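Peer 1:
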């Protein structure tokens, strides 16, 4: 059977907290992921545990899709894997991933050999952005930039329908763009990074600092007074309940994000910026002040050319993008 | 005579202060510009004056090259024009250029029709960066980012040997990246732009502010006490003379530039950053603290992959890049 007869590709989205695995037909179908599997990562149990878990999930999803669609393993072209980086795509190796505790770890080949299918590896945020480009919010554009807001802020750049990787696979680290050169210390060692203001933990930290400084707000009540339990989701909850202080924290978050996006708009002049992550649930509370900040800061002809939109593939962008990435890398075109 | 028989291309580098015009053979030759012409722009005399001056310079350079190399006008493939933007490349129109006072001005066709040769138009900083990629510091790389430091800070992005333009020809406006979200007001209307700290006038302004606040320095003596005459070149002169305060201003400049370049290194992961402009004469006084700042702020695997170097085509990068741009746009490849 030649490559052209293959019907499906497996996608793996490996995160610090969860693993998501699923399958799409080569042409993407209607974007509905088949045989969707989800499990916790449990990185603390070690690399072998995590790899075994991924391999089992891949085999389970293959089995399920074969059962549902009368197929066999030989119908599968291979496996696209999205993982936290930095990583080396050509060797398929994770260079160093603090969240997983891995160093120089040959993730791609371990999975490929165990399953017996070819595999390709790329950064998780690149994959999520590529998924949105292929079957999500960015279906109609050639050039887009993605921000994934979570424990950190990841990013991906798609130019002319390809993930842009740069000289050493680092391109797209928009979360570590300095917005205030003498600002907050970031986990990356730098000061004033976007991530130090607008990641989930950073949003929570800013909220707690204001509360400790005497802000009037219902946020402490939402966590029974345990400020250490306050998260970005708590802030969102406060916004929905009409809390003025929570809204202020959200507006500040929008301004930091808008400043970072304005930089990207001036530098890359993309057709679209796609924002993924829990904080996008805040909807207009986030997007209205965010877009206003971009208008305030970016060149008119650049911001007018750019749509700033929430991601559409909630929970599956990483898997879908890993599949698109495999297709591009191994089969040659998406 | 077919396109393939053409021997030369004319390049025009139009700036707010000067116009530079010259010729290269199609293959670039040894990079030495033939028939080099230079004149002041005198934009205050109006658009017709400037266009007439450019047309005369183009005709003079063509005549000189024909005389020196036994050629005729039919040996010329066309004219590449680099101009301040924003501009529309497809219509060849300057949208709005404050320094020249032009709005919706069809510069490309006016020159093309007057001279009787095809022409192509692009942003001046894009052209300067492309020139460095073709025949200057970036000859050996595929992906590079250029910063041109002068009255403003321009920039250009070359990816896979092509100028990257983005959705509306604005890509590469690195000078208007926010580095301090509540910082200095920039001429573009934004706050805390790189240009508001590290352009020539911004360097001079920071130096004067420190002097007015009582800094001990010889800088006022270098302008006979007339602080309004103090420029970035004065600061450079003070650095050469060993003035500690001038060195402090230069180091601050290097830190702002290094912060902006670190952002670009994290976002685009280029193989090379090329810096052009008078301030690069400061040599190690600029580049040593600048590279240190990039190391302090950017991801290790990204900054290790990136050389940060001064431009090589002093005074001719714009002309050479305009020629390369014409070659790419009209003849199809550089």
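Chains as they are written, first to last, in this note's numbering: chain A, 1 to 334; chain B, 1001 to 1334.
Each residue gets a CB set at the ideal place from its N, CA and C atoms; glycine is no exception.
Remember, it's a predicted structure, so these values are computed and weren't measured experimentally.
Residue 1149(B) versus chain A: which residues are under 7 angstroms apart at the beta carbon?
Peer 2: Chain A residues near residue 1149(B): none, gap ~17 angstroms exceeds 7 angstroms.
Peer 1: Please state whether the Cβ-Cβ distance between residue 1323(B) and residue 1036(B) is less than 8 angstroms.
Peer 2: no
Peer 1: At a CB-CB cut-off below 7 angstroms, which residues of chain B make contact with residue 127(A)?
Peer 2: In chain order: nothing, as chain B lies at least about 17 angstroms away.
Peer 1: Taking the alpha-carbon positions, what's the residue 152(A) to residue 1185(B) distance?
Peer 2: 30 angstroms
Peer 1: To the nearest whole angstrom, what separates the beta carbons of residue 1084(B) and residue 1093(B), a pair I think is in contact under 8 angstroms?
Peer 2: Rounded, the Cβ-Cβ distance is 13 angstroms, inconsistent with contact.
Peer 1: Out of curiosity, what's the CA-to-CA distance linking residue 67(A) and residue 1290(B)?
Peer 2: About 60 angstroms.
Peer 1: Would a check of beta-carbon distances place residue 1158(B) closer than 8 angstroms to chain A?
Peer 2: no
Peer 1: Spell out the partners DSSP gives residue 102(A) in its beta bridges.
Peer 2: 97(A)
Peer 1: For the stretch 223-231 of chain A against the stretch 240-257 of chain A, are there 3 or more C-beta pairs whose distance is under 8 angstroms?
Peer 2: Judged by Cβ distances under 8 angstroms, the stretch 223-231 of chain A makes no contact with the stretch 240-257 of chain A, as fewer than three pairs qualify.
Peer 1: Taking 7 angstroms as the limit between beta carbons, can you name the residues of its chain near residue 1130(B), skipping five residues before and five after?
Peer 2: 1156, 1158, 1163, 1321, 1324 and 1325
Peer 1: Quick check on this structure: which residue in 54(A), 6(A) and 65(A) has the alpha carbon closest to the alpha carbon of residue 34(A)?
Peer 2: 65(A)
Peer 1: When you compare each of 1030(B), 1014(B) and 1048(B) to residue 1039(B) by their alpha carbons, which one comes out closest?
Peer 2: The shortest CA-to-CA distance from residue 1039(B) to any of 1030(B), 1014(B) and 1048(B) is the one to 1014(B).
Peer 1: Out of 118(A), 280(A), 274(A) and 266(A), state which residue places its alpha-carbon closest to the alpha-carbon of residue 1380(B).
Peer 2: Lying outside 1001 to 1334, the shown extent of chain B, residue 1380(B) is not represented and no answer is given.
Peer 1: State the start and end residues of the unbroken beta strand (DSSP E) segment that holds residue 19(A).
Peer 2: 18-25
Peer 1: Quick one: Cα of residue 202(A) to Cα of residue 1263(B), how far?
Peer 2: 20 angstroms
Peer 1: Considering only residues of the same chain and omitting the five flanking positions on each side of residue 1031(B), which have a CB-CB separation below 6 angstroms?
Peer 2: 1135
Peer 1: From residue 1206(B) to residue 1256(B), what distance separates their C-alpha atoms?
Peer 2: 12 angstroms
Peer 1: Which chain B residues are close to residue 83(A), counting only those with a beta carbon under 8 angstroms from its beta carbon?
Peer 2: Residues of chain B passing the Cβ test: none, with the nearest at roughly 15 angstroms.
Peer 1: Start and end of the beta strand (DSSP E) containing residue 320(A)?
Peer 2: Note, residue 320(A): premise wrong, no beta strand (DSSP E); alpha helix (DSSP H) at 317-326.
Peer 1: Measuring alpha carbon to alpha carbon, tell me which of 1300(B), 1327(B) and 1309(B) ends up nearest residue 95(A).
Peer 2: 1300(B)
Peer 1: Whole angstroms are fine: how far does the CA of residue 1012(B) sit from the CA of residue 273(A)?
Peer 2: 35 angstroms
Peer 1: Determine, using beta-carbon pairs with one atom in the stretch 112-120 of chain A and one in the stretch 51-64 of chain A, whether at least three such pairs fall under 8 angstroms.
Peer 2: yes
Peer 1: Give the residues of chain B in contact with residue 168(A), contact being defined as C-beta atoms less than 8 angstroms apart.
Peer 2: 1269, 1301, 1302, 1304 and 1305, listed in chain order.
Peer 1: Residue 304(A): buried (16+ other C-beta within 10 angstroms of its C-beta) or exposed?
Peer 2: In the assembly as shown, residue 304(A) is an exposed residue. Its beta-carbon has fewer than 16 other beta-carbons within 10 Å.
Peer 1: With 8 angstroms set as the bound, which would you pick, yes or no: does the beta-carbon of residue 276(A) sit closer than that to a beta-carbon of chain B?
Peer 2: no
Peer 1: Return the first residue and the last residue of the alpha helix (DSSP H) that residue 264(A) is part of.
Peer 2: Residue 264(A) -> alpha helix (DSSP H) spans 244-268.
Peer 1: With DSSP run on the structure shown, which of helix, strand or coil describes residue 1171(B)?
Peer 2: Three-state result, residue 1171(B): coil.
Peer 1: Below 9 angstroms between beta carbons is the criterion; list the residues of the stretch 53-82 of chain A that meet it against any residue of chain B, in chain order.
Peer 2: Result list empty, no residue passes.
Peer 1: Looking at residue 1086(B): is its Cβ nearer than 8 angstroms to the Cβ of residue 1330(B)?
Peer 2: no
Peer 1: Quick test of your reading: residue 88(A) and residue 169(A), contact by CB under 8 angstroms. State the CB separation rounded to the nearest angstrom.
Peer 2: 6 angstroms
Peer 1: Which chain B residues are close to residue 199(A), counting only those with a beta carbon under 9 angstroms from its beta carbon?
Peer 2: The contacting residues do not exist; residue 199(A) stays about 15 angstroms from chain B at best.
Peer 1: Taking Cβ to Cβ, would you say residue 308(A) is nearer than 8 angstroms to residue 261(A)?
Peer 2: yes
Peer 1: Check whether the stretch 1097-1105 of chain B touches the stretch 1132-1147 of chain B, counting contact only when three or more Cβ pairs, one atom from each stretch, lie closer than 8 angstroms.
Peer 2: no
Peer 1: Assuming residue 200(A) is part of the beta strand (DSSP E), what are its boundary residues?
Peer 2: Not the beta strand (DSSP E): residue 200(A) falls in the alpha helix (DSSP H), residues 200-212.
Peer 1: Would residue 1030(B) count as contacting chain A if we go by Cβ distances under 8 angstroms?
Peer 2: no
Peer 1: Residues in its own chain within less than 7 angstroms of residue 28(A) by CB, not counting five upstream and five downstream?
Peer 2: Taken in chain order, the residues that qualify are 134 and 135.
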